[in-house]
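Student: Quick note on the working numbering: the sequence shown kicks off at 2 and runs consecutively.
First the structure, then my questions, so here it is.
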Amino acid sequence: MKIERLELRLLKLPLVHFFETSFGRIYDKHFIIVRADGDGVSGYGECVAEQDPYYSAETNDTVWHIIGDFIAPRVLGVEFAHPREIFPALKAIRGHNMAKAAVEMAAWDLYARAHGEPLARVIGNGGSARERIASGVSIGIQDSLDDLAAKVERELAAGYQRIKIKIKPGWDVAAVDMIRQRFGSIRLMVDANAAYTLADADHLAALDRYDLMMIEQPLDYEDIADHAALQKRLTTSICLDESIHSLADAREAIGLGACRIINIKPGRVGGFGESIRLHDLCAAHGIPVWHGGMLESGIGRAANIHLSTLPNFSLPGDIAGSKRYFNPDLIEPPIEVAADGTIAVPAGPGLGVSIRTDRIEQATRRVATFEVGNLNSDVVQTSDVKLQT
Ligand code: OSB
Ligand code: MG
């Protein structure tokens, strides 16, 4: 496969409902879509970097810079036998996994489309992949416990197989207690997005009596050692999200007993190639994984569904229906969850969904294109589209 042209678009799309984590509240999603042209087809990738460096150090602006100045020159016009060769080809660039993953995702889609195969088959090396994936929801911090109860009720009625709520100091034990009292023994978990420290261990241990599936990323985003100490003091399983940036991080976390479960987000680890290796490493150590979410549009969401067909994705992921996020979505048909809380894996080539380029165009705030032979800034087309307010 060979990428002849890369196009970056920075999009702004309003969220159907605001999303609040321990980092704060957002009403709109600002994100980059990558289109890769080559081998007579186009592939799409979605970047999970956000406007602010809160979930991760990367932002849309750092991604724009790293792709344009460092990734594009290393992939354009280069013959790759398989998209899994792309991450190793970017080894000289330290970090910036979200930027790498966005380009790599477009390359996987391009490769799968050029071969007329669904992405899931390429990811699974042609093996028979599952046709549906188990879906859960992530419910942000709400203005009141009543608002939270209304949300949980709606998502359970929609069929979702597990509920995750975001927690932070001041919005934790009482929220979980309320859900257990009102909704009984549903599959429930919490995600702290690094809002606590080891000094909160006794407070967090108060969650042990609620039979949670797991507590996700309670401590610092780079920490592994304190998580290991905390896991010894909790009966609830710890799941790491932010702390796992690489296979080396996962090996260390598993070795130290810092978690019993790992959340996989391709953007966090540098793409599908690394996600597959991480999935396999966890499988070899008896660590179940599930697919995380970053409020993706249908493009990233479809890709996540394909990856989730691998066998050790044995817990419901944060991959829910399009209409919880964007209306309309950037794809047709939108991703939908069935009454049994599962989502069908799109069956067509590549991502298996059609891309609504008109909607992408409408949401675009900035465009840049990079072509073989047109790599210096004189010929790179960067135009700032006037912001609509
Ligand atoms: O920690 O899993 C997270 C969204 C943005 C940043 C971090 C996280 C999340 C979610 C949302 O939990 C999951 C979803 O896409 O629904
Ligand atoms: Mg998380």
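Note that CB positions come from ideal geometry on N, CA and C, so glycine has one too.
Quick one: complete alpha helix (DSSP H) runs, 4+ long, within the stretch 289-351?
Tutor: Entirely contained in the stretch 289-351, the alpha helix (DSSP H) runs reaching 4 residues are, in chain order, 299-308.
Student: Answer yes or no: do F314 and H292 have a C-beta to C-beta separation smaller than 8 Å?
Tutor: yes
Student: Who are the near neighbours of Q411 in its chain, counting only those whose CB is closer than 7 Å to its CB and skipping five residues on each side?
Tutor: With the chain represented from 2 up to 390, any question about residue 411 goes unanswered, as that position is not in the structure.
Student: When DSSP labels each residue in this structure, what does R131 get in the three-state scheme?
Tutor: coil
Student: By how many angstroms is the C-alpha of R181 removed from the C-alpha of A58?
Tutor: Distance from the CA of A58 to the CA of R181, rounded to the nearest whole angstrom, comes to 35 Å.
Student: Relative to the ligand MG, is the shortest distance from any of its heavy atoms to the C-beta of N194 smaller than 7 Å?
Tutor: Yes, since a heavy atom of the ligand MG falls inside the 7 Å radius drawn around the Cβ of N194.
Student: Is E156 helix, strand or coil by DSSP?
Tutor: It is helical.
Student: So who's on the other strand from L7, going by DSSP bridges?
Tutor: A37, F371
Student: Helix, strand or coil: which one does DSSP assign to D385?
Tutor: Legend: pLDDT at D385 = 47, less than 50; position of this residue unreliable, no value from coordinates given.
Student: Taking 7 Å as the cut-off, is the beta-carbon of D319 closer than that to any non-hydrogen atom of the ligand OSB?
Tutor: Yes, the Cβ of D319 comes within 7 Å of a heavy atom of the ligand OSB.
Student: At a threshold of 7 Å, does S139 count as lining the ligand OSB (C-beta to nearest heavy atom)?
Tutor: yes
Student: Curious, which full-length alpha helix (DSSP H) runs of at least 4 residues does the stretch 154-225 contain?
Tutor: Within the stretch 154-225, complete alpha helix (DSSP H) segments of at least 4 residues are found at 174-184, 202-206, given in chain order.
Student: Could you give the distance in angstroms between the alpha-carbon of D38 and the alpha-carbon of K3?
Tutor: 8 Å
Student: Where does P267 fall in DSSP's three states?
Tutor: helix
Student: State the Cα-Cα distance for the pair H97 and V64, rounded to the nearest angstrom.
Tutor: 7 Å
Student: If you measure from the CB of G301, is any heavy atom of the ligand SAH nearer than 7 Å?
Tutor: Here the bound small molecules are the ligand OSB and the ligand MG; the ligand SAH is not part of this structure.
Student: Less than 8 Å between the C-beta atoms of D319 and G301, yes or no?
Tutor: For D319 and G301, no; Cβs fall outside 8 Å.
Student: For the ligand OSB, I want to know if Y56 counts as a neighbour, meaning its beta carbon is within less than 7 Å of at least one of the ligand's heavy atoms.
Tutor: Under cutoff, so the answer is yes.
Student: From the DSSP output, which residues share a beta bridge with G44?
Tutor: A37
Student: Per DSSP, I1 is paired with what?
Tutor: The structure shown does not extend to residue 1, since the chain spans only 2 to 390, so no value can be given for it.
Student: Cα-Cα, which of Q52, V104, P84, A90 is closest to I34?
Tutor: Among Q52, V104, P84, A90, the Cα nearest to that of I34 belongs to V104.
Student: Please classify L91: does DSSP put it in a helix, a strand, or coil?
Tutor: coil
Student: In three-state DSSP terms, what is F81?
Tutor: coil
Student: Thinking F273 and M106 are a contact (beta carbons under 8 Å), I'd like their distance in whole angstroms, please.
Tutor: Contact holds; Cβ gap of about 7 Å.
Student: Can we count G342 as close to the ligand OSB, meaning its CB is less than 7 Å from some heavy atom?
Tutor: no
Student: Is there at least one non-hydrogen atom of the ligand MG closer than 7 Å to the beta-carbon of G293?
Tutor: Taking 7 Å as the cut-off, the C-beta of G293 counts as close to a heavy atom of the ligand MG.
Student: Take every Cβ of the stretch 42-61, pair it with every Cβ of the stretch 105-121, and state whether three or more of those distances are shorter than 8 Å.
Tutor: The way I'd put it, the stretch 42-61 does touch the stretch 105-121; three or more beta-carbon pairs between them come closer than 8 Å.
Student: Can you tell me where the alpha helix (DSSP H) holding S276 begins and where it ends?
Tutor: Counting along the chain, the alpha helix (DSSP H) containing S276 begins and ends at 273-285.
Student: For the stretch 3-13 and the stretch 351-365, state whether three or more C-beta atom pairs, one from each stretch, are separated by less than 8 Å.
Tutor: yes
Student: Tell me which same chain residues have a C-beta within less than 8 Å of the C-beta of V79, skipping the five on either side of it?
Tutor: K3, I4, A90
Student: Return yes when the C-beta of N264 is under 7 Å from any heavy atom of the ligand MG, and no when it is not.
Tutor: yes
Student: Please list, in chain order, all residues of the same chain as D385 whose beta carbon is under 6 Å from its beta carbon, the five residues on each side excluded.
Tutor: Low per-residue confidence applies at D385: pLDDT is 47, beneath 50, and the placement is therefore not dependable, though the value from the model is reported in the following sentence. Counting only Cβ-Cβ distances below 6 Å, and skipping sequence neighbours, we find R367.
Student: Determine the DSSP secondary structure at R366, reduced to helix, strand or coil.
Tutor: In the three-state DSSP reduction, R366 falls in the strand class (E or B).
Student: Which residues in the same chain have their Cβ closer than 7 Å to the Cβ of K30, if we skip the five residues on either side of it in sequence?
Tutor: L14, L16, L296
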